[in-house]
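If you're matching them up, the sequences are chains W and X in order.
For the first sequence, this note's numbering gives the first residue as 7, with consecutive numbering after it.
For the second sequence, this note's numbering gives the first residue as 10, with consecutive numbering after it.
From the three backbone atoms N, C-alpha and C, an ideal C-beta is built for every residue, glycine too.
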Amino acid sequence: MKNIQKIFISIAGVVILILVVVVSVISLGVFRQIEESAAIRKHNFIVINDTADLLSELKDAETGERGFLLTNNKAYLEPYLAVIGIIPEHVAELRRLILISAAKKHLDAAVPLIDAKMAELAQVIVMRRNNDTASALELIESGKGKLLMDSIRVEMKDLNQIEQDALAKSDSELQKGLHFLFFLIITASLFMLLSALSLVYFIYREKQQQIKEIIHAQTQHLLVIQEETNKQLKQVNTTLQISEEKYAVTLGSIGDAVLATDGQGHVTYLNAVAEQLTGWTIALASGRPADEIFRIINEETRQPSISPIKETLAHGTIQSLANHTILIARSGSECAIADSCAPIHNREGQVLGAVLVFRDVTERMKIDKCLKKAYEDLNIQSIELKRAAQAKSDFLGNMSHELRTPLNSINGFSEVLYDETFGPLNNKQKIYINNILTSGQHLLLLINQILDLSKVESGKMNLSLSSLPMKNLLNDISLLLADTVNKKNLKMQLEIDVNLPDIEADELKVKEIVYNLLSNAVKFTPEGGKIGMRAEKTGSEIEVTVWDTGVGIAVENMEKIFEGFFRVDTPFSRVTEGTGLGLPLSKKLVELHGGKLFVESMGLNKGTSVKFTLPVISAGVVLNETKNIGS
Amino acid sequence: MKQKILVVDDNKNNLMLEKDILEAAGFEVCEAEDASTGIAVARKEKPDVILMDVRLPDMRGTEAARILRRDKETRDIPIIFVTASVMAENEKEIKDIPNTGFLGKPINTRTFAKKISEFIK
């Protein structure tokens with residue numbers, strides 16, 4: 007449709023163009039013809055004029071000749087003389103000008119007549135000059151001249167007639183051409199106007215068509231969109247419906263009571279729990295003011311509480327009930343509740359309603375009360391425990407002091423006696439006094455270890471940190487035990503990494519740890535056995551392992567060895583040897599440094615391996631700056 | 010001339026032990042059984058060093074030490090606390106008193122005199 011129109015318009019355009027060209031060409035042709043006709047016409051005019059001139063000249067010549075003949079006055083010859091020279095020229099020019107052959111024939115017929123006439127005139131003039139007037143008159147009277155002149159007139163008249171006809175003919179042709187041209191111009195103009203109008207009409211039609219098509223397309227597009235939108239709306243509706251159902255199920259099945267209102271505070275929804283707590287059904291409650299359904303009072307004052315729904319609707323904020331709120335059900339029964347109320351906003355922020363969520367907290371209040379009491383009891387116990395811990399610490403401090411004071415005498419005097427500072431002893435006395443001293447020292451060790459354990463446990467053990475050259479320290483401690491090792495015929499293996507770094511730790515405590523572990527190894531390994539110590543750096547720590555091939559630890563005793571005063575029964579250890587506190591204390595001291603201590607044993611009589619780690623850089627703080635000059 | 014040592018201790022046995030050891034080591038020893046007597050003896054005798062118990066019947070040894078530090082005549086006498094109280098708080102108690110040392114009880118009779126000599130050197 008559109009294409010056909012386009013083609014049509016194109017063809018129309020081409021046709022109009024061709025017409026314009028054709029009309030132009032024709033117009034040009036006609037114009038030329040008109041021009042030609044005008045030229046011919048002009049030519050005819052000239053010929054007619056020239057013919058008249060020629061005849062006039064001949065008459066002038068004859069008049070002049072007659073005048074002279076009559077008067078013999080030469081002045082009359084002037085017209086003759088004036089034209090006599092130019093007549094032949096005029097004849098020649100006329101011949102050149104005449105194009106019509108019929109006219110030319112008349113000229114050709116006239117030429118000898120003119121020549122004869124000219125000769126006759128000349129003869130008369132000569133005769134008169136010679137005063138032979140008689141001959142001249144005779145010649146004139148012969149009528150020969152008049153005859154000649156008449157003949158010339160006839161010829162000239164015919165020639166003139168022919169030219170006149172030609173003139174008339176070209177005139178009419180000119181007229182015809184002009185008319186045609188006029189007609190052509192008018193027709194062409196009209197046609198063009200028509201064409202232009204049609205073209206405009208067609209273009210208008212086409213544009214209209216195009217607009218129609220665009221509108222149609224747009225309409226179609228809109229229809230498709232609308233259809234799509236409808237589909238989506240339908241889907242959204244379905245989703246919404248599902249969602250609503252889901253919410254209804256959710257609200258219905260949650261353990262809390264849910265009450266919803268509209269913007270005026272009228273009930274629109276109650277879930278099952280809300281129905282149960284208020285004693286109202288949704289059917290009865292719907293549309294009623296929420297205050298009627300949700301009646302609350304203060305537990306202590308028994309005065310009505312401010313409704314959180316009203317507050318929420320008024321301010322659009324989330325509200326929570328004060329504690330100790332009692333809900334009075336429709337039946338008059340009461341229960342303690344906790345609740346919160348939130349506004350329902352639309353997108354513009356207008357409050358459309360409120361959702362109140364509340365629950366029966368009777369049970370929880372009971373539990374809360376119990377918990378509170380338990381917490382208070384716990385606090386009391388905690389304070390008592392702290393007091394007990396302080397008492398224990400004080401007791402230990404006092405005990406330590408009280409025990410040390412007599413021990414100072416026992417050990418001091420025994421030592422002085424044993425050293426025989428103030429005189430010699432016999433052998434028996436020396437052995438006895440040594441027994442006293444050894445027992446006193448053992449007692450002192452026990453007191454010190456108990457005190458240390460207690461200090462660590464109460465967090466009162468402070469570390470006096472310094473940089474410890476571990477390689478030397480480990481070697482030195484092993485040397486302290488060299489005697490005992492030799493006496494028991496044990497073999498001691500030391501594998502101390504040459505790259506073992508210095509560590510930041512409390513020197514006395516580290517020495518105590520290593521000494522405790524090594525002396526345990528010696529103590530619990532039978533004669534001829536092996537003990538050893540391995541030390542290396544692992545990451546940011548050092549790891550020291552003290553091992554032996556001794557009695558080991560039974561699996562069931564693995565826990566007990568850290569409890570204190572536990573000692574593996576062994577035929578090699580005497581009761582007085584060891585306190586049973588060395589390992590637990592060592593573990594505590596290692597942990598105080600930020601390290602770890604583990605004991606491994608494959609079982610009874612399969613040896614023991616105690617591994618402990620110490621950080622290279624301690625996180626501890628140097629506290630003890632007192633100058634301890636040693637004890 | 011013998012160096013003079015003042016020993017302040019309320020336990021007669023300990024007093025005797027320390028006195029005997031120090032005299033055996035060649036010191037001249039004067040003694041006091043409570044803090045106020047100790048302060049009086051210190052002013053009178055001007056010892057080279059005072060060995061001070063901490064738990065004394067009339068006041069704490071550290072309190073006596075502060076009194077001695079305030080007195081022009083006894084201000085510069087070095088004081089060594091010889092005490093059976095080895096808990097951390099006891100150490101703190103003596104930390105800020107200048108020119109003091111610490112020895113725990115029971116004492117090591119074999120090194121006791123030597124350590125004191127080194128301290129007052």
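Going by C-alpha positions, X/Ile86 is about 29 Å away from W/Gly403.
Within the model, the alpha-carbon separation for W/Glu317 versus W/Thr323 is close to 8 Å. Excluding sequence positions up to five before and after W/Lys617, its CB lies within less than 6 Å of the CB of Thr551, Phe604, all in the same chain and listed in chain order.
For W/Asp366, the secondary structure class from DSSP, reduced to helix, strand or coil, is strand. Taking each of W/Leu431, W/Gln170, W/Gln325 in turn and checking the Cα distance to W/His49, the smallest one comes out for W/Gln170. A Cβ-Cβ contact shorter than 8 Å links W/Asp345 with W/Leu362.
The C-beta separation of W/Leu276 from W/Asp366 comes to about 15 Å, leaving the pair out of contact by the 8 Å criterion. Proximity of chain W to X/Lys114 at the Cβ level (cut-off 7 Å) is accounted for by Arg410, Thr411, Asn414, in chain order.
The C-beta of W/His227 has fewer than 16 other C-beta atoms within 10 Å across all chains shown, which makes the residue exposed.
Between X/Asp62 and X/Asp29, the CB-CB gap reaches or exceeds 8 Å.
With a cutoff of 8 Å on beta-carbon distance, W/Asp59 and W/His96 are scored as near each other. Taking X/Thr120 as reference, the option from W/Asn55, W/Glu421, W/Leu591 with the minimal CA-CA separation is W/Glu421. The residue among W/Thr531, W/Glu42, W/Lys240, W/Phe300 with its C-alpha nearest the C-alpha of W/Leu180 is W/Glu42.
Within the stretch 234-284 of chain W, the beta strand (DSSP E) runs of at least 3 residues that lie entirely inside it are, in chain order, 263-268, 273-276.
The Cβ atoms of W/Ser292 and W/Val264 lie no closer than 8 Å to each other. Taking C-beta atoms as the reference points, W/Leu100 and W/Asp164 fail to come closer than 8 Å. Residue environment analysis places W/Pro314 among the buried positions, since at least 16 neighbouring C-beta atoms fall within 10 angstroms of its C-beta. Contacts with chain X (Cβ-Cβ distance below 7 Å) from the stretch 432-452 of chain W involve Leu450, listed in chain order. Setting aside the 5 residues that flank it on each side, W/Ile54 is surrounded in the same chain by Asn166, Glu169, Gln170, Leu173, each with a C-beta closer than 8 Å to its C-beta; the list follows chain order.
Closer than 8 Å at the C-beta level to chain W, one finds these residues of the stretch 29-50 of chain X: Asp29, Ile30, Ala33. Inclusion of X/Ala74 and X/Thr109 in the CB contact set at 8 Å is warranted, their separation being smaller than that value.
Contact annotation for X/Arg119 against chain W: Glu421, Asp425 [CB-CB distance below 8 Å, chain order].
X/Arg75 is outside the set of residues whose beta carbon lies under 8 Å from a beta carbon in chain W.
The C-beta of W/Gly429 comes no closer than 8 Å to any C-beta of chain X.
At a cut-off of 8 Å between beta-carbon atoms, X/Leu26 makes contact with chain W. The alpha carbon of X/Thr46 has as its nearest neighbour, out of X/Ile116, X/Pro66, X/Ile88, X/Asn22, the alpha carbon of X/Pro66. Within the stretch 528-560 of chain W, the beta strand (DSSP E) runs of at least 3 residues that lie entirely inside it are, in chain order, 536-544, 547-554.
Neighbours of X/Ala93 across chain W, judged by C-beta separation under 9 Å: Ser406, His407, Glu408, Leu409, Arg410, Thr411, Leu413, Asn414. Judged by beta-carbon spacing, W/Thr331 lies beyond the 8 Å limit of W/Ile350, meaning their Cβ atoms are not closer than that value. About 6 Å separates the CB atoms of X/Arg78 and X/Arg84; that is less than 8 Å, so the two are in contact.
If you keep only unbroken alpha helix (DSSP H) runs of at least 4 residues inside the stretch 393-457 of chain W, you get nothing at all. The closest CA to that of W/Val160, considering only W/Ile509, W/Ile437, W/Glu250, W/Val117, is found on W/Val117. Going by DSSP, X/Val16 is part of the beta strand (DSSP E) stretching over 13-17. In the displayed model, W/Phe618 falls within a strand according to three-state DSSP. Contact annotation: X/Ala49 and X/Ile59 have beta-carbon atoms that are not nearer than 8 Å. With a threshold of 16 other beta carbon atoms within 10 Å, W/Asn478 falls short and is exposed.
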